[in-house]
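Numbering follows this note's numbering, in which position 199 of the sequence shown is assigned residue number 274; successive positions increment by one, without gaps.
Glycine included, each C-beta is placed from N, C-alpha and C at the ideal position.
Scroll down for the structure; my scribbles are underneath it.
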Amino acid sequence: MSAVATPAGQGREGAARLVLGVESSCDEMAAAVVERGRRILSSVIHSQTDVHAPYGGVVPELASRDHIRSISAVVEQALRDAGTGAEALTGIAVTNGPGLVGSLLVGLSFGKALALRLGVPLVGVHHLAGHLASAELADPSFAPPYLGLVVSGGHTALYRIEDGAPPVLLGQTLDDAVGEAFDKVAKLLGLPFPGGPAVAAAAVRGDPESVALPRPLAGLPGLEFSYSGLKTAVAIEVRKRSPLAPQDVADIAASFEAAATDVLVARARRALAQEGLARLAVVGGVAANRRLRVRVAEAAREDGFRVVIPPPALCTDNAAMIAAAGAALLARGERDGPGLEAFSRAPLGARAPAA
Ligand code: KG4
Ligand code: ZN
Numbered sequence: 076m077s078a079v080a081t082p083a084g085q086g087r088e089g090a091a092r093l094v095l096g097v098e099s100s101c102d103e104m105a106a107a108v109v110e111r112g113r114r115i116l117s118s119v120i121h122s123q124t125d126v127h128a129p130y131g132g133v134v135p136e137l138a139s140r141d142h143i144r145s146i147s148a149v150v151e152q153a154l155r156d157a158g159t160g161a162e163a164l165t166g167i168a169v170t171n172g173p174g175l176v177g178s179l180l181v182g183l184s185f186g187k188a189l190a191l192r193l194g195v196p197l198v199g200v201h202h203l204a205g206h207l208a209s210a211e212l213a214d215p216s217f218a219p220p221y222l223g224l225v226v227s228g229g230h231t232a233l234y235r236i237e238d239g240a241p242p243v244l245l246g247q248t249l250d251d252a253v254g255e256a257f258d259k260v261a262k263l264l265g266l267p268f269p270g271g272p273a274v275a276a277a278a279v280r281g282d283p284e285s286v287a288l289p290r291p292l293a294g295l296p297g298l299e300f301s302y303s304g305l306k307t308a309v310a311i312e313v314r315k316r317s318p319l320a321p322q323d324v325a326d327i328a329a330s331f332e333a334a335a336t337d338v339l340v341a342r343a344r345r346a347l348a349q350e351g352l353a354r355l356a357v358v359g360g361v362a363a364n365r366r367l368r369v370r371v372a373e374a375a376r377e378d379g380f381r382v383v384i385p386p387p388a389l390c391t392d393n394a395a396m397i398a399a400a401g402a403a404l405l406a407r408g409e410r411d412g413p414g415l416e417a418f419s420r421a422p423l424g425a426r427a428p429a430a
């Protein structure tokens, strides 16, 4: 962190009053304006689905090119929707990692330039800190301490969240992320990109008990996850049934979705008990999954814990969560300068000491 001049009369709290968030870590270009880290005044998302669909996955070079084309219009739209001019902004929060560096650099350069022009502070936000912030953004009465389950295309991890302290990583995937598993299974089933929503849609017509799939690590000690074995089990079933009839696709999708989400619920329950926590936040793109949302709500009723799962639009990548996380950092006095760098990988917070 380096010192950046803050306009006179604009202290820590002032900087967090009206924050523009910019998110461009992968294939979504997003901008949002959030008031005091809590009230979403606007949230604009430009999706690149059409750009990447023909390739069946995100092509990094195409992603950054499209970000360059769309960023000005997306930010302008966010300001228009919020009914504010850029001059009213008090701070700028931008995702600086982890993600595709070429994509991140587009948002980062734009954020730096705008902060400089407006003379307002800039702060870099870790993408996962953004996802975690979506819980308190969705329900302002939700507060630490709580367990944060992050389930996205790149991450599957459990964090202990305490007030004013860095998140503590309790466990994460040893191989694939759960969203990645959804995306790979979609490919195996011949479903379109993006895979997660396509698998979920196919699963609606299928029988979740038709294929006996493993629940990797679910009953075992520890808080790690593993999804590569489950994906391989699906690949074997696909080979066995090929050519797949539409009902095969639906049944395999439903069985995979049930297995993948069962593991998440089992691990979250174990972590809550181990950590003595009574509150759970489920965040990240996979938290948009209906079956997961229903299962987590059932577990919460049975075990008596409180749960927040943000509305789907706040689960998948968006900039409101970045603005909210950034507002919290700005309010604590954190500032980044023009030297702020993008990073492709970096853990969030601290690691829990070995039990
Ligand atoms: O958080 P996110 O938008 O981006 C990352 O940070 O990765 O998460 C994207 C992931 C993708 O793997 C996508 O397939 C998955 O979330 N996803 C879903 C659903 N919607 C998005 N997975 C299962 N069911 C869904 N409804
Ligand atoms: Zn994400």
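Between L193 and Q247, the alpha-carbon positions lie close to 40 Å from each other.
Taking G408 as the centre and dropping the five residues before and after it, the same chain places the C-beta of R87 closer than 8 Å to its C-beta, in chain order. Taking the Cα positions, L355 is about 6 Å away from R381. The distance from the Cβ of V361 to that of D326 is about 21 Å, inconsistent with a contact at the 8 Å cut-off. Contact between the stretch 130-140 and the stretch 162-172 is absent, with fewer than three C-beta pairs closer than 8 Å. Residue V226 holds the alpha-carbon nearest to the alpha-carbon of H202 among G166, V226, H121, A333. Contact between V149 and H121 holds: CB atoms are separated by about 5 Å, below the 8 Å threshold.
For D392, the shortest separation between its Cβ and any heavy atom of the ligand ZN lies below 6 Å. Per DSSP, G205 is one residue of the alpha helix (DSSP H) stretching across 202-213. Taking 7 Å as the cut-off, the beta carbon of L212 is found no closer than this to the beta carbon of G223. Rounded to the nearest whole angstrom, the C-alpha separation of V279 and A329 is 7 Å. Distances from the CB of G194 to the heavy atoms of the ligand KG4 are all 6 Å or more. Distances taken from the Cβ of S227 to the heavy atoms of the ligand ZN include one shorter than 6 Å. In terms of Cα proximity to A375, the closest of A341, L389, V109, A403 is A341. Each of P241, F331, A353 was checked against the Cα of V260, and the nearest Cα belongs to F331. Rounded to the nearest angstrom, the Cβ distance from E98 to G182 is 7 Å, consistent with a contact under 8 Å. The alpha carbon of Q123 has as its nearest neighbour, out of L116, A105, S117, R113, the alpha carbon of A105. Annotation for I236: the continuous beta strand (DSSP E) segment containing it runs 231-236.
Following the DSSP letters along the chain, one finds L175 in no beta strand (DSSP E), marked with neither H nor E. Under DSSP, no beta-bridge partner is assigned to R192.
By the neighbour-count criterion, in which a residue is buried when 16 or more other Cβ atoms sit within 10 angstroms of its Cβ, A138 is buried. Taking 6 Å as the cut-off, one finds at least one heavy atom of the ligand KG4 near enough to the beta carbon of N364.
Shortest gap from the CB of D337 to any heavy atom of the ligand KG4: 6 Å or more. Here the alpha carbon of T231 sits roughly 6 Å from the alpha carbon of V253. In the three-state scheme derived from DSSP, where H, G and I count as helix and E and B as strand, Q349 is classed as helix.
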